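Data block below; observations after.
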Ligand code: GAR
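In our numbering, the protein residues as written are 7 to 236.
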């Protein structure tokens, strides 16, 4: 390990999943670099059949558990068990990665500005489900994905990073989802690194809106025009 890597403070991250866990896998892969400012110490799935569980175990995540929401009488009961697992693993930051349960204000308040989510759309457009089918039905020419801090309203919260992709005339929800997912795997590790290293802070703009400010952020003049030919 290089001296620079040895001096990095690695925040302890827990990931909540419900499915295949490809975003989780992207975070685990990024955290394999000792210079990455976070380590993945815990993965919790609300479904026992989530494909991501085997990936997390194979990657050596120390604390991989199922908390089945169906065996808990209320949402709060479910979340208290999840919370206990996160605390047992000493988690400092929580990343939702294809976690398909709504979280209550109780849980969200406990993780204020330490709880992030990835959503397969350019928020605030296309909150909720079936984002790609809805975008295609609207005929939009650019789609994308967003990593944001979580607030109690669904798919709302200060935006940390976004990526955009072109929409093609022959796209199906599946082909568009695949193009967006490739970008999800790029921006989620980048967003988590910024949160874990303290490079981002949530500020208020002049109108009182919550916005993320990123230390040393650079935005190029590059643009994505779609379609760009002929
Ligand atoms: C990802 O596209 C993620 O953005 C989306 O589910 C997929 C999970 O894939 N999340 C949501 O729709 C949350 N509202 P993964 O399990 O392979 O990461």
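Every residue gets a Cβ at the ideal spot worked out from N, C-alpha and C, and that includes glycine. This one's a predicted model, so the numbers in the text were calculated from it and none came from an experiment.
Could you check if residue 151 belongs to the surroundings of ligand 1, using beta carbon to heavy atom distance under 7 Å?
Flag set: Cβ of residue 151 near ligand 1.
Is residue 126 near ligand 1, going by C-beta to nearest heavy atom under 7 Å?
yes
Quick check on this structure: which residue in 39, 185, 165 has the alpha carbon closest to the alpha carbon of residue 174?
Nearest of 39, 185, 165 to residue 174, Cα basis: 185.
Taking residue 163 as the reference, which of 125, 225, 89 has the closest Cα?
Taking only the C-alpha atoms, the option nearest residue 163 is 125.
Residue nearest to residue 48 in terms of C-alpha spacing, selected from 228, 13, 73, 134
73
Could you check whether the segment 210–225 touches the segment 46–63, counting it as contact only if at least three pairs of C-beta atoms, one from each stretch, sit closer than 8 Å?
Flag = no, the segment 210–225 and the segment 46–63 do not touch.
Along the chain, where does the beta strand (DSSP E) containing residue 219 start, and where does it finish?
216–220
Report the start-end ranges of each alpha helix (DSSP H) in the segment 79–167 that is 4 residues or longer and not cut off at the edges.
Counting only unbroken stretches of 4 or more residues, the alpha helix (DSSP H) elements lying wholly within the segment 79–167 are 81–94, 111–116, 137–144, in sequence order.
Using DSSP's beta-bridge definition, name the partner residues of residue 18.
For residue 18, the pairing in a beta bridge is given by DSSP as 45.
To which residues of the same chain is residue 91 closer than 6 Å at the C-beta, ignoring the five residues directly before and after it?
50, 71
Would you decide whether residue 43 is buried or exposed? Buried here means 16 or more other CB atoms lie within 10 Å of its CB.
buried
In chain order, what residues of the same chain have a beta carbon less than 7 Å from the beta carbon of residue 146, not counting five sequence neighbours either side?
173
Pick out whichever of 84, 215, 69 has its Cα sitting closest to the Cα of residue 94.
Nearest to residue 94 by C-alpha distance, out of 84, 215, 69, is 69.
Which two residues bound the contiguous beta strand (DSSP E) that contains residue 208?
Judged by DSSP secondary structure, residue 208 falls within the beta strand (DSSP E) whose first and last residues are 206–210.
For residue 163, is the beta carbon positioned less than 7 Å from some heavy atom of ligand 1?
no
Outcome for residue 138 when other beta-carbon atoms lying within 10 angstroms are tallied against a minimum of 16
Classification of residue 138: buried, given that the 10 Å Cβ count is 16 or more.
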